[in-house]
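This report concerns only the one structure given below.
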Amino acid sequence: MPPVTRRAVLIGGAAATLSAAATGTPAAAARSWDVIVVGAGVFGAWTAHHLLAAGRRVLLVDGEGPAHARASSGGESRLTRGAYGSDLVYTRLAMDSLPQWQSLSDAAGLPVFHPAGILFFFPQREAFLEETMRVHRALRLPTELLDRPALVRRFPQLDFGDVEAGLLEPGFGILMARRAVQTLVDRFVRAGGTYRRAAVAPPRRSEANMVETLDGERLAADRIVFACGPWLGRLFPELLGPRIFPTRQEVFFFAPPPGDDRFQPARLPGWADYNGGDIYYGMPDVENRGFKIAHDRHGPPIDPDEGDRTPSPQALADARAYMERRFPAMRGRPLNEARVCQYENSSNGDLLIDFHPEKPGLLLVGAGSGHGFKHGPAVGRYAADLLLGRPARPEPRFSLATKDVHQARAVH
Ligand SMILES: Cc1cc2nc3c(=O)[nH]c(=O)nc-3n(C[C@H](O)[C@H](O)[C@H](O)COP(=O)(O)OP(=O)(O)OC[C@H]3O[C@@H](n4cnc5c(N)ncnc54)[C@H](O)[C@@H]3O)c2cc1C
């Protein structure tokens, strides 16, 4: 196999050529794989990684490239935290994923993970805080419960106003989203996996072990994984069209005052203002991109291909008003950039990792629901275990059967 560079993965055409060389193609169409993974977002990339590590021949395809600008895994950064109230399923997924992120980061040229810590704060000692502390103590996580004087002392750059308590999670922090996925796909190719840039047509009713590209090429495998984020509803319109709800989400980066290091990751963790579940969250000025802020509330429905990605003046005004109240030194600071991306929500926020009800060889992976990125490594391992028939106890909350057609968010 010719040497593979990260650049080759980043540049779609080069990657496709490379893959063709590796397989001695044009016969690639005739080749059969153990598993084809469609979608090189965080879930597809980690699934492909774990299948390859288990000795399977894996083809990973994506129509637009790993963590491209409109993918839910695109963009700069994501929070990883273990605070999920009493919810052990996601606390454990986040914990299991963290060392895998760390080792990817250790192997990468530039950091994939910044262990800046995570700070959640609350207007009162509500159930989410108390339950998180109970679960974290039982799991021996070093999470600290901070009262108001401790918050004020440790984070003087925040105006805690009506805040009564906080949770500080050392060890968690910030993942560099696009870089993480692209690094992982690069490592997958270096380890012997094949990546191709190709768009796959919606699967036909009769074929469970075959995908067809939009160019008409047929690719066969024993198993197929569809990890297509907000596009899952389009690929499986009857099954998932009514069960995946893409919503428009806006993200803003503001310039901290020059020379002011209070917004650097060494002094400010990733943070979330919980406020009964109506969450504003943000990040310090990681890698000098700017102080990031976003409202976690679901925006209106968006089409991932055609939806308008122009930031709205109202969301910008709201983010600025929040920021200037909570972080007084950021008053009047200029906007560096803004992005519009989408959450791909399930009805209640639970992930989807389950077989297609009519195509037993076809696994559906998605519904990250605004909190999925951090779980990528554990999701990939769980999906690989399901495909390999390992004796994993399937988690009912990831099943298709639990995915409703009406939205009622329960996971934050
Ligand atoms: C603004 C924002 C903030 C977020 N913040 C956090 C956070 O702080 N912490 C956290 O843990 N999570 C967060 N999330 C959620 C998380 O980023 C997503 O849930 C996760 O990235 C979803 O990954 P995915 O692999 O399912 O989808 P995607 O990344 O969208 O990947 C799907 C891929 O499938 C490909 N594809 C689709 N159709 C086809 C086809 N027909 N043929 C070939 N390829 C196809 C696409 O091109 C795409 O690359 C956030 C999300 C957003 C948008």
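Just so you know, the sequence shown maps onto residues 1477 to 1888 in our numbering.
Every residue, glycine too, gets a C-beta built ideally from N, C-alpha and C.
Proximity test, residue i beta-carbon vs ligand 1 heavy atom, cut-off 7 angstroms
| i | result |
| --- | --- |
| A1696 | no |
| Q1725 | yes |
| T1556 | yes |
| D1749 | no |
| A1543 | yes |
| S1548 | yes |
| D1623 | no |
| Y1756 | no |
| P1776 | no |
| F1712 | no |
| Y1858 | no |
| E1552 | no |
| H1771 | no |
| W1577 | no |
| W1509 | no |
| V1676 | yes |
As assigned by DSSP and simplified to three states, the class of residue i
| i | result |
| --- | --- |
| P1433 | Given that the chain is displayed from residue 1477 to residue 1888, the structure contains no residue 1433 and the question cannot be resolved. |
| A1497 | Here the model assigns A1497 a pLDDT of 32, short of 50, so the residue's position is not dependable, and the following value carries that caveat. Three-state DSSP puts A1497 in a helix. |
| Q1633 | coil |
| G1852 | helix |
| L1715 | coil |
| Y1757 | strand |
| V1887 | coil |
| R1482 | In this prediction, R1482 scores a pLDDT of 45, lower than 50, which makes its location untrustworthy; the coordinate-derived value is nonetheless stated afterwards. Helix at R1482. |
| N1812 | strand |
| G1752 | helix |
| E1683 | coil |
| H1525 | helix |
| L1574 | helix |
| F1604 | helix |
| L1839 | strand |
| P1625 | helix |
| F1803 | coil |
| L1736 | Reading off the sequence, residue 1736 comes out as Asp, not Leu. Coil. |
| D1830 | strand |
| V1518 | helix |
| A1559 | coil |
| A1797 | helix |
| V1665 | helix |
| G1705 | helix |
Identified DSSP bridge partners for residue i
| i | result |
| --- | --- |
| S1508 | A1696 |
| Q1658 | Looking at the DSSP assignment, Q1658 forms no beta bridge with any residue, so it has no partner. |
| T1670 | L1535 |
| N1821 | F1721 |
| S1845 | Paired residue(s): none; S1845 is not in a bridge. |
| P1777 | T1723 |
| W1747 | L1595 and G1758 |
| S1553 | M1652 |
| A1770 | V1727 and Y1757 |
Proximity below 8 angstroms, CB of residue i to CB of residue j
| i | j | result |
| --- | --- | --- |
| V1701 | L1827 | no |
| A1697 | I1512 | yes |
| Q1633 | F1767 | no |
| G1669 | A1524 | yes |
| I1650 | V1762 | yes |
| G1852 | W1509 | no |
| V1887 | S1823 | no |
| A1653 | E1552 | yes |
Any non-hydrogen atom of ligand 2 closer than 7 angstroms to residue i Cβ
| i | result |
| --- | --- |
| E1813 | Absent from the structure shown: ligand 2. Ligands present: ligand 1. |
CB contact below 8 angstroms: residue i versus chain C
| i | result |
| --- | --- |
| A1543 | Annotation note: the requested chain C is absent from the structure, which comprises a single protein chain. |
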